[in-house]
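Chemist: There's a structure below that I have some questions on.
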Amino acid sequence: MTEKTSILIVDDRPENLRLLSAMLEQTGYAVRSSTSALRALAVARREPPALILLDMRMPEMDGLAVCRELKADPALQVIPVIFISALAETEDKIKAFQAGGIDYITKPFQEAEVLARVTTHLALHRQKAELEVFNQRLKELESLRDSLTHMIVHDMRGPLSVINGHLGMIRLFESANLSGEVRDSLSAIQAGTTRLTRMVAEMLVVSKLEAGLLNLKLKPRNLVALARQLVADHQVDSDRLAVQINLMASPEPLTVSLDGELIERVLQNLLGNALKFSPGGSAIELQLAVVAGQARVAVRDFGPGIAPEFHQKVFEKFSQLESGKIRQGCGLGLAFCKLAIEAHGGRIGVDSQPGHGSTFWFTLPGVVRVT
Ligand code: ADP
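This is the structure in structure tokens:
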């Protein structure tokens, strides 16, 4: 036999209690009732009901005060409270909701209305509780996934460095004895392991940043010099892809207190993505400026652009949009950028429209000196 849903009714008038109890018991609810607010609180504490029908005006303690007390008690605050009152004043209704009530019924009661409201709120309450359980379970699964990923990725570092080391040795000492085909294969293997090594490093930094376990090594750095070096590092790639990278910086130097390693990686990610998505013959603008006292860096490309509904999503972990391009990363690059910039107290975003290119930008608050 399934247990009946229990409802507590609190009203100082016994005739109201009798009427409501009969109505709800007939429908199959287990009803407890009390004409005293204080006794009702004790009853609720002893055995919490699924829902409370509460009279607004009572002599010893009014319904609003009872409701406030229920909402202040962690064990009882989730119980839905429906107020009953003879007054249909708007002000009373507002007070009822402010005190934590979920609904309001005016006397004289319409049986169908009372039953409909009670059933609806019980159903809503049950669904909310179920959602909370699912949500909690999801959080647990997410945290399990993260710790598993972290463990696997952490343990991949050793084997990867063995592969990298041996590949380097073969190329160094055996290159002359290898055919062109094998050398090409070795180059492909080395490119693959380099990418994998980068992804592993990125995942580990992301999980450290998420856990707040990465201490920033802040030092004053000239952002313009950092950007110039980065452009030079990407020269071979940009020449190969016939994409021109233009550095537009004002003022110069732009000294900002930052973690050089992290910000360099952020810029590498943004520039790398811009290069990946730029059509041959187009340009990329790397803009550096001071806006409202903060450094603002923007990487603008003339690639396919991103639809507005994905502007937030691209910064989430493991998010990759279908673009028809070969997937090379694992959707962590921009998630890493967001965490790294926010760890500096800055903001990151993208302005983009499909067909009109993308501008990924970020701000850094630690401007040290502008000359
Ligand atoms: P990954 O690390 O796999 O490269 P990112 O986090 O860097 O992933 O990027 C997530 C997704 O955002 C990419 O799969 C791509 O669809 C989109 N994206 C990033 N940069 C650009 C860009 N400049 N132009 C168009 N789409 C981009």
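Numbers given in this note's numbering equal positions in the sequence shown, counted from 1, plus 1130.
Even for Gly, the Cβ is constructed at its ideal location relative to N, Cα and C.
1. Cβ atoms of Ala1152 and Cys1197: under 9 Å apart, would you say?
2. When you compare each of Gly1433, Asn1399, Ala1341 to Ser1408 by their alpha carbons, which one comes out closest?
3. Quick check: what's the CA-CA separation for Lys1468 versus Gln1483?
4. Using C-beta distances below 6 Å, list every residue in its chain close to Ala1170, excluding the 5 sequence neighbours before and after it, in chain order.
5. Checking 9 Å against the spacing of the C-beta atoms, do Pro1235 and Ile1212 come in under that value?
6. So the candidates are Ala1180, Lys1338, Ser1315, Ala1195; which of them puts its Cα closest to the Cα of Ile1300?
7. Indicate, with yes or no, if the ligand ADP has a heavy atom lying under 8 Å from the CB of Lys1237.
8. Between the stretch 1421-1428 and the stretch 1474-1491, do at least 3 Cβ pairs fall closer than 8 Å?
9. Quick one, are the C-beta atoms of Val1480 and Val1444 less than 9 Å apart?
10. Could you name the residues of the same chain whose beta carbon sits closer than 7 Å to that of Met1188, not counting the 5 residues immediately before and after it, in chain order?
11. With H, G and I counted as helix, E and B as strand and the rest as coil, what does DSSP make of Pro1350?
12. Starting from Thr1493 and walking both ways along the beta strand (DSSP E), at which residues does that stretch end?
13. Unbroken alpha helix (DSSP H) runs of length 4 or more, entirely within the stretch 1292-1375: which are they?
14. Using alpha carbons as the reference points, say which of Ile1319, Thr1279, Asn1265, Leu1348 lies closest to Leu1473.
15. Using 8 Å as the cut-off, classify the Cβ of Gly1461 as near or not near the heavy atoms of the ligand ADP, replying yes or no.
16. From Gly1310, Ala1259, Asp1222, Ala1379, pick the residue whose C-alpha is nearest to that of Asn1352; which is it?
17. Can the beta-carbon of Leu1401 be found less than 9 Å from the beta-carbon of Val1366?
18. Should Gly1435 be listed as close to the ligand ADP, given that the test is whether its C-beta is under 8 Å from any heavy atom?
19. Short check: CB of Leu1194 to CB of Leu1138, under 9 Å?
20. Count the other CB atoms, across all protein chains shown, that sit within 10 Å of the CB of Ala1404; report buried if there are 16 or more and exposed otherwise.
21. Roughly how many angstroms lie between the CA atoms of His1251 and Glu1270, to the nearest whole one?
22. So, for Gly1454: in the same chain, excluding its five sequence neighbours on each side, which residues have a beta-carbon less than 7 Å away from its beta-carbon?
23. Any C-beta of chain D sitting closer than 9 Å to the C-beta of Leu1316?
24. Helix, strand or coil, according to DSSP, for Ala1413 in the structure here?
25. If you draw a straight line from the C-alpha of Leu1377 to the C-alpha of Ala1413, how long is it?
26. Under 8 Å Cβ to Cβ from Ile1456, same chain only, skipping five residues before and after it: list those, please.
27. Just the Cα atoms here: how many angstroms apart are Arg1325 and Ala1253?
28. Would the beta-carbon of Ile1449 be found less than 8 Å away from any heavy atom of the ligand ADP?
29. Roughly how many angstroms separate the alpha carbons of Phe1303 and Asn1294, rounded to a whole number?
30. Give every residue of the same chain whose Cβ lies closer than 7 Å to the Cβ of Ile1232, excluding the five residues on either side of it in the sequence, and list them in chain order.
31. So what's Glu1151 in DSSP terms, helix, strand or just coil?
32. Quick one: residues in its chain with C-beta nearer than 7 Å to the C-beta of Glu1190, no 5 flanking neighbours on either side, listed in chain order?
33. Kindly give me the distance between the Cβ atoms of Gly1485 and Gly1411, rounded to whole angstroms, as I take these residues to be in contact under 8 Å.
34. Could you check if Thr1385 is buried or exposed, using at least 16 other CB atoms within 10 Å of its CB as the buried criterion?
Modeler: In brief:
1. Along the sequence shown, one-based indexing puts residue 1197 at 67. Along the sequence shown, one-based indexing puts residue 1152 at 22. The Cβ atoms of Cys1197 and Ala1152 do not sit closer than 9 Å to each other.
2. Residue mapping note: residue 1408 aligns to position 278 of the sequence shown, counting from 1. For Ser1408, the nearest C-alpha among the options comes from Gly1433.
3. By 1-based counting over the sequence shown, the position of residue 1468 is 338. By 1-based counting over the sequence shown, the position of residue 1483 is 353. Rounded to whole angstroms, Lys1468 to Gln1483 spans 20 Å at the Cα level.
4. Against the sequence shown, residue 1170 aligns to sequence position 40. Cβ neighbours of Ala1170 beyond the five flanking positions: Val1140, Ser1164.
5. Mapped onto the sequence shown, residue 1235 falls at position 105. Mapped onto the sequence shown, residue 1212 falls at position 82. Reading the sequence as shown, one finds Ile at residue 1235 and not Pro. In contact: Ile1235 and Ile1212 (Cβ atoms closer than 9 Å).
6. Position 170 of the sequence shown holds residue 1300. If we check each option's Cα against that of Ile1300, Ser1315 comes out closest.
7. Translated into positions along the sequence shown, residue 1237 becomes position 107. Lys1237 Cβ: outside cutoff for every heavy atom of the ligand ADP.
8. yes
9. Working through the sequence shown from its first residue, we reach residue 1480 at position 350. Working through the sequence shown from its first residue, we reach residue 1444 at position 314. Yes, they are a contact pair.
10. Start at 1 with the first residue of the sequence shown, and residue 1188 comes out as number 58. The answer, listed in chain order, is Asp1142, Ala1167.
11. Start at 1 with the first residue of the sequence shown, and residue 1350 comes out as number 220. Reduced to three states, the DSSP call for Pro1350 is strand.
12. The residue given as residue 1493 occupies position 363 in the sequence shown. That run of the beta strand (DSSP E) goes 1488-1494.
13. 1310-1340, 1353-1363, 1365-1370
14. Taking the first residue of the sequence shown as 1, we reach residue 1473 at position 343. It is worth fixing the name first, because residue 1473 is Ala in this sequence and not Leu. If we check each option's Cα against that of Ala1473, Leu1348 comes out closest.
15. Here residue 1461 corresponds to residue number 331 of the sequence shown, with the count starting at 1. Flag set: Cβ of Gly1461 near the ligand ADP.
16. As a working mapping, residue 1352 is identified with position 222 in the sequence shown. Answer by Cα proximity: Ala1379.
17. If you number the sequence shown from 1, residue 1401 lands on position 271. If you number the sequence shown from 1, residue 1366 lands on position 236. Against a cut-off of 9 Å, the Cβ pair of Val1366 and Leu1401 comes out as no contact.
18. Residue 1435 sits at position 305 when you count from the first residue of the sequence shown. Yes, the beta carbon of Gly1435 sits closer than 8 Å to at least one heavy atom of the ligand ADP.
19. As a working note, residue 1194 is residue 64 in the sequence shown. As a working note, residue 1138 is residue 8 in the sequence shown. No, the Cβ-Cβ distance between Leu1194 and Leu1138 is not below 9 Å.
20. Taking the sequence shown and counting its residues from 1, the one referred to as residue 1404 is at position 274. So Ala1404 counts as buried.
21. Here the question's residue 1251 lines up with position 121 in the sequence shown. Here the question's residue 1270 lines up with position 140 in the sequence shown. When rounded, the distance between both Cα atoms is 28 Å.
22. One-based indexing of the sequence shown puts residue 1454 at position 324. In this prediction, Gly1454 scores a pLDDT of 43, lower than 50, which makes its location untrustworthy; the coordinate-derived value is nonetheless stated afterwards. Around Gly1454: no qualifying Cβ.
23. Here chain D cannot be found, since the structure has a single protein chain.
24. As a position in the sequence shown, residue 1413 is number 283, starting the count at 1. Looking at Ala1413 - three-state DSSP - the assignment turns out to be strand.
25. For the purposes of this step, residue 1377 is identified with residue 247 of the sequence shown, where counting begins at 1. For the purposes of this step, residue 1413 is identified with residue 283 of the sequence shown, where counting begins at 1. Cα to Cα, Leu1377 sits roughly 11 Å from Ala1413.
26. Start at 1 with the first residue of the sequence shown, and residue 1456 comes out as number 326. Because the pLDDT of Ile1456 is 43, which lies under 50, any placement of that residue in the model is unreliable, and the question is left without a value.
27. One-based indexing of the sequence shown puts residue 1325 at position 195. One-based indexing of the sequence shown puts residue 1253 at position 123. Near 52 Å, if we compare the C-alpha coordinates of Ala1253 and Arg1325.
28. Within the sequence shown, residue 1449 is the residue found at index 319, counting from 1. Checking the displayed sequence, the identity of residue 1449 turns out to be Ser instead of Ile. Yes, the ligand ADP has a heavy atom inside 8 Å of this Cβ.
29. Here residue 1303 corresponds to residue number 173 of the sequence shown, with the count starting at 1. Here residue 1294 corresponds to residue number 164 of the sequence shown, with the count starting at 1. Rounded to whole angstroms, Phe1303 to Asn1294 spans 14 Å at the Cα level.
30. Numbered from its first residue, the sequence shown carries residue 1232 at position 102. If we look at Ile1232 and ignore the five residues flanking it on each side, its Cβ neighbours are Pro1210, Val1211, Ile1212, His1251.
31. Translated into the one-based positions of the sequence shown, residue 1151 becomes position 21. Rather than Glu, the amino acid found at residue 1151 in this sequence is Ser. It is helical.
32. Start at 1 with the first residue of the sequence shown, and residue 1190 comes out as number 60. Cβ within range, chain order: Ser1166, Ala1167, Leu1168.
33. The sequence position of residue 1485 within the sequence shown is 355, counting from 1. The sequence position of residue 1411 within the sequence shown is 281, counting from 1. The pair is not a contact, with the Cβ atoms about 17 Å apart (cut-off 8 Å).
34. In the sequence shown, the residue the question calls residue 1385 occupies position 255. Answer is buried; the Cβ neighbour count reaches 16.
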